[in-house]
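Chains as they are written, first to last, in this note's numbering: chain E, 1 to 77; chain Y, 1 to 348; chain X, 1 to 438.
The structure is reproduced here in structure tokens:
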């Protein structure tokens, strides 16, 4: 699905926990998330912390969409 | 003597050329056209019937055509079903694939066909079916039929079946262990392969990596502050009543849902129907999967121009490659018509 | 560092009044041998059986196998495990070839245990059916793990090691029938025009708790960063097999002692390549651990001037990512790399062969499918406990299945996955199996 979007020339960033799998699928812009059942907010942490994490990682993803890359890139979080 | 039934298109079924491509499915006694030659080559089966259908008819009315064909076969006894060869003919290849798959699923008999590697029917059906590697055109008819007949005879007489490479059918991701006849041990194979690799000589990996379909990297967004951003998820987040009935695994459907005017995804309004993980955390706060709240914040701050009024959702687990590709293309068409500049996709 | 293995080719094993070896006949005093086994008070019951290639005998649950050997300088056969630490792989070691001490649980099996058929259709699935086996069938008082899925099998494995060393002592003062000699000249002295090769071994080390992983001089390989090791050390008892991972993927201690890949590389050394040594790496469960090991392997290879490498993986599933990542990183460093492993394509052959694939891992030797379905007739004699296959969570066995029924049928015939074949995939180099498309 990621590839179909990219094939159409639309930049796409994939936010995923299994980074190797995302790479394997062929995503070019990847931002790691924290887990499979709760990618962007650990329910065992305070709401404020979850919000910070989510806001931060979405920010990285947005930055990734503006970044000119030459190869598959996993953006540091 | 075992019994075989053959499927042919209108041309090889001797109804006519392109002008007869709308021909409805029919069944004829005995062999017709290539089926006669196949009958000569088969040693352990006789061709009792030939099903013929127009390429256009079946490509435009696939479900109806297949249903009619199954009905034509329903009172027949047969031990094997053979379609084609379809060579490079696309509509014919897709028809052979669809018919073989349906016949196999319905009657549980072995089904065989033959196509050239560039026939779209190969990619579409090779995972499900044995498709022999055929020639480009009718010039290779006799050879293609010979391979089909030889394999059919082996199946019908319970002889050991060779590998895809030995028998000559398209590799389909069905991998099993065998003992090498030459008994060359792994230590020797590894070192020999390494020496070849060192000296840039050709070698054959025993685990060929399925060809990765890499796409060119899309250029970045030049200015996010004016960009239209859409979000996609394979995490199965949908309105609580799952209006599109997206399946919780092996999905074949996707949905598009409005977030217009919403500051965040509320629990009780949205949930996940993904079957592959514990849904508790995402049901309690769907933004954990689909971060609408954070995106709205960036929109309010003016960092992104506009968050598209809809998000797209499906379930990523167990989806076949062909369904994933199709759904992707359908979603892309929608994104393009909405003038989307960039996409964030979240997966679980 | 010169290392010599003096070989004695065993053609027959009998019980007798003294431990002795004479022209291919190994005689074992059973009661003395059992005394060695009972030296560990945790062994509660034990018996020894002699089985030959072709015998209608099924061994299950098999824990490990050892080649009977003795070191002439008096140091322990497995330093750091059966005795004090000492350098392996120098001087002289005597070995009884064509036989092994096979340790079988009398009662209890587990996730990591395997099955050996000495005869019939099942014999082709494991290397050990070709050997004259001294089968130690024993039970222990380790009640804490009798019903645990994962077992350390500590007492049984160590009893096998003691027995192997005791039986090996029969040839300590005799002149070997044949001699193998291995010499690793130190790296700076080995300047040849041939390409520099390293063998990277990813040994099984996925358990966080001690007692399950492969040992190097007694040290848990979960706690190593990759290190250079002289191949002679591996051939001489530095490595002891662990007790985790479905059996067909495992490398037994016997496999380490005889490592065919190492021997083939020695054979090529100075002819087609310059064998620099073995990089001992591991397999991990956390991504940072995986990355760290890859980092060490690649840096060590570069420092040593390695131009081409072989990566061998002891396991499947999650460790496939360690395997493929290591190959990719070596290739990225300009080191041409070949991998050797097994696959998990499922009973139907349709699953992705490795959990992680990469186009740069373009040279792989494949030694089997862990999930291949195997159906075998009853064996005349079962040593151990056949019920372990259905009862104790042995990988490859099951208690019931909607379509296939239980792994063990009332008549003693079995249906199981290749997973349960004792060290069946032989990634160390014995394997004549491969995978083909159907």
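For every residue, glycine included, the Cβ atom is placed at its ideal position computed from N, Cα and C.
Please read these numbers as outputs of a predicted model, since none were measured by experiment.
With 16 as the cutoff for other CB atoms within 10 Å, does residue 19/Y come out buried or exposed?
Taking the first residue of the second chain as 1, we reach residue 19/Y at position 19. So residue 19/Y ends up on the exposed side.
By the DSSP assignment, the alpha helix (DSSP H) with residue 186/Y in it spans what residues?
Position 186 of the second chain, counted from the start, is the residue given in the question as residue 186/Y. Taken as a continuous stretch (DSSP letters only), the alpha helix (DSSP H) holding residue 186/Y covers 186-198.
Going by beta carbon distance, what residues of the same chain come within less than 6 angstroms of residue 237/Y, once the five residues before and after it are set aside?
By one-based count along the second chain, residue 237/Y stands at place 237. Around residue 237/Y: 270, 272, 286, 289, 290, 313.
Pair within 8 angstroms by beta-carbon distance, residue 2/Y and residue 156/Y:
Looking up residue 2/Y in the second chain gives position 2. Looking up residue 156/Y in the second chain gives position 156. Contact: yes.
At what residue ranges does the region 14-50 of chain X contain a whole run of the beta strand (DSSP E), taking only runs of 3 or more?
20-22, 25-28
Is there at least one Cβ from chain Y nearer than 8 angstroms to residue 289/X's Cβ?
Along the third chain, one-based indexing puts residue 289/X at 289. Not one chain Y Cβ lies under 8 angstroms of residue 289/X.
Could you have a look at residue 173/Y and say whether DSSP puts it in helix, strand or coil?
Taking the first residue of the second chain as 1, we reach residue 173/Y at position 173. Here residue 173/Y sits in coil by DSSP.
Residue burial classification, residue 159/Y (beta-carbon count within 10 angstroms, cutoff 16)
Locating residue 159/Y in the second chain gives position 159, counting from the first residue. Per the 10 Å Cβ criterion, exposed.
Going by the beta-carbon positions, is the gap between residue 221/X and residue 238/X smaller than 8 angstroms?
The sequence position of residue 221/X within the third chain is 221, counting from 1. The sequence position of residue 238/X within the third chain is 238, counting from 1. No; because the gap between Cβ atoms is not below 8 angstroms, this pair is not in contact.
Between residue 185/Y and residue 191/Y, what straight-line distance do the alpha-carbon atoms span, to the nearest angstrom?
Along the second chain, read from residue 1 onward, the residue named residue 185/Y stands at position 185. Along the second chain, read from residue 1 onward, the residue named residue 191/Y stands at position 191. About 10 angstroms.
Going by C-alpha to C-alpha distance, which of 336/X, 104/X, 58/X, 320/X sits closest to residue 47/X?
On the third chain, residue 47/X is found 47 positions in, with the first residue counted as 1. Minimum Cα distance to residue 47/X is reached at 104/X.
Using C-beta distances below 6 angstroms, list every residue in its chain close to residue 48/Y, excluding the 5 sequence neighbours before and after it, in chain order.
If you number the second chain from 1, residue 48/Y lands on position 48. Excluding sequence neighbours, residue 48/Y sits near 3.
Identify which residue in 375/X, 425/X, 249/X, 83/X has its Cα closest to the Cα of residue 409/X.
As a working mapping, residue 409/X is identified with position 409 in the third chain. Checked all of 375/X, 425/X, 249/X, 83/X; the closest Cα to residue 409/X is 375/X.
Please determine, among 105/Y, 228/Y, 113/Y, 139/Y, the residue with the shortest C-alpha to C-alpha distance to residue 150/Y.
Indexing the second chain from 1 puts residue 150/Y at position 150. Measuring from the Cα of residue 150/Y, the nearest candidate turns out to be 113/Y.
Given residue 210/Y, which residues of its chain have a CB within under 8 angstroms of its CB, disregarding the five upstream and five downstream residues?
The sequence position of residue 210/Y within the second chain is 210, counting from 1. Contacts found: 173.
Suppose you measure from the CA of residue 68/E to the CA of residue 219/Y; what does that come to, to the nearest Å?
Counting from one through the first chain, the residue named residue 68/E turns up at place 68. Counting from one through the second chain, the residue named residue 219/Y turns up at place 219. Taking the straight line joining both Cα atoms gives about 7 angstroms.
So if I threshold CB-CB distances at 7 angstroms, which residues from the region 6-31 of chain E count as touching chain X?
20, 24
CA-CA distance, residue 201/X and residue 141/X?
Counted from its first residue, the third chain places residue 201/X at position 201. Counted from its first residue, the third chain places residue 141/X at position 141. Approximately 34 angstroms, taken between the alpha carbons.
Could you give the C-beta distance for residue 57/X and residue 119/X, rounded to a whole number, given that I count them as a contact under 8 angstroms?
Position 57 of the third chain, counted from the start, is the residue given in the question as residue 57/X. Position 119 of the third chain, counted from the start, is the residue given in the question as residue 119/X. Right, the Cβ-Cβ distance comes to about 7 angstroms (below 8 angstroms), so this counts as a contact.
Whole-angstrom distance between residue 221/Y and residue 340/Y, CA atom to CA atom
Position 340 of the second chain holds residue 340/Y. Position 221 of the second chain holds residue 221/Y. Each residue's Cα considered, the two are about 11 angstroms apart.
Quick check: the Cα distance between residue 323/Y and residue 315/Y, rounded to an integer number of angstroms?
The residue you call residue 323/Y lines up with position 323 of the second chain. The residue you call residue 315/Y lines up with position 315 of the second chain. Cα to Cα, residue 323/Y sits roughly 11 angstroms from residue 315/Y.
First and last residue of the uninterrupted beta strand (DSSP E) at residue 26/E
For the purposes of this step, residue 26/E is taken as the residue at position 26 of the first chain. Per DSSP, residue 26/E belongs to no beta strand (DSSP E) and is neither H nor E.
DSSP three-state assignment for residue 8/X, whether helix, strand or coil
Position 8 of the third chain, counted from the start, is the residue given in the question as residue 8/X. The answer is strand: DSSP assigns residue 8/X an E or B state.
Which residue wins for smallest C-alpha separation from residue 10/E, given the options 342/Y, 346/Y, 94/Y, 348/Y?
Along the first chain, read from residue 1 onward, the residue named residue 10/E stands at position 10. Comparing Cα-Cα distances from residue 10/E to each of 342/Y, 346/Y, 94/Y, 348/Y, the minimum goes to 342/Y.
Tell me whether residue 103/X sits in a helix, a strand or coil according to DSSP, three-state version.
Mapped onto the third chain, residue 103/X falls at position 103. Looking at residue 103/X - three-state DSSP - the assignment turns out to be strand.
Per DSSP, which one or two residues make a beta bridge with residue 416/X?
As a first step, residue 416/X is located in the third chain; it is residue number 416 there, counting from the start. Its beta-bridge partners are 374/X.
Looking at the C-beta of residue 74/E, does it have a partner C-beta in chain Y at a distance below 8 angstroms?
Residue mapping note: residue 74/E aligns to position 74 of the first chain, counting from 1. Chain Y contact via Cβ: absent.
With a cut-off of 8 angstroms on the beta carbons, I'd call residue 311/X and residue 339/X a contact; round off their distance for me.
For the purposes of this step, residue 311/X is taken as residue 311 along the third chain, with counting starting at 1. For the purposes of this step, residue 339/X is taken as residue 339 along the third chain, with counting starting at 1. Sure, about 5 angstroms apart at Cβ, within 8 angstroms.
What does a CB cutoff of less than 8 angstroms around residue 66/Y pick up in its chain, not counting 5 residues either side in sequence?
Stepping through the second chain from its first residue, residue 66/Y is reached at position 66. Contacts found: 58, 98, 99, 102.
Contacting residues, own chain, Cβ-Cβ under 6 angstroms from residue 171/Y (five flanking each side not counted)
Position 171 of the second chain, counted from the first residue, corresponds to residue 171/Y. The residues are 164.
Hey, quick one: how far does the beta strand (DSSP E) through residue 326/X stretch, first residue to last?
The count along the third chain starts at 1 and reaches residue 326/X at position 326. First-last for residue 326/X: 320-332, but that is the alpha helix (DSSP H), not the beta strand (DSSP E).
Residue 74/Y, buried or exposed, once every other Cβ within 10 Å from all chains shown has been counted against 16:
On the second chain, residue 74/Y is found 74 positions in, with the first residue counted as 1. Residue 74/Y should be labelled exposed.
Measuring alpha carbon to alpha carbon, tell me which of 159/X, 130/X, 26/X ends up nearest residue 38/X.
Position 38 of the third chain, counting from 1, holds the residue named residue 38/X. Of the candidates 159/X, 130/X, 26/X, the one whose C-alpha sits nearest the C-alpha of residue 38/X is 159/X.
To the nearest angstrom, how far is the alpha carbon of residue 392/X from that of residue 415/X?
If you number the third chain from 1, residue 392/X lands on position 392. If you number the third chain from 1, residue 415/X lands on position 415. Answer to the nearest angstrom: the Cα atoms are 16 angstroms apart.
Option nearest residue 90/Y by Cα separation, candidates 84/Y, 70/Y, 63/Y, 120/Y:
For the purposes of this step, residue 90/Y is taken as the residue at position 90 of the second chain. Residue 90/Y has its Cα closest to that of 120/Y, out of 84/Y, 70/Y, 63/Y, 120/Y.
Residue range of the unbroken beta strand (DSSP E) whose run includes residue 112/X:
Taking the third chain and counting its residues from 1, one reaches residue 112/X at position 112. Premise fails: residue 112/X is in no beta strand (DSSP E) and is neither H nor E.
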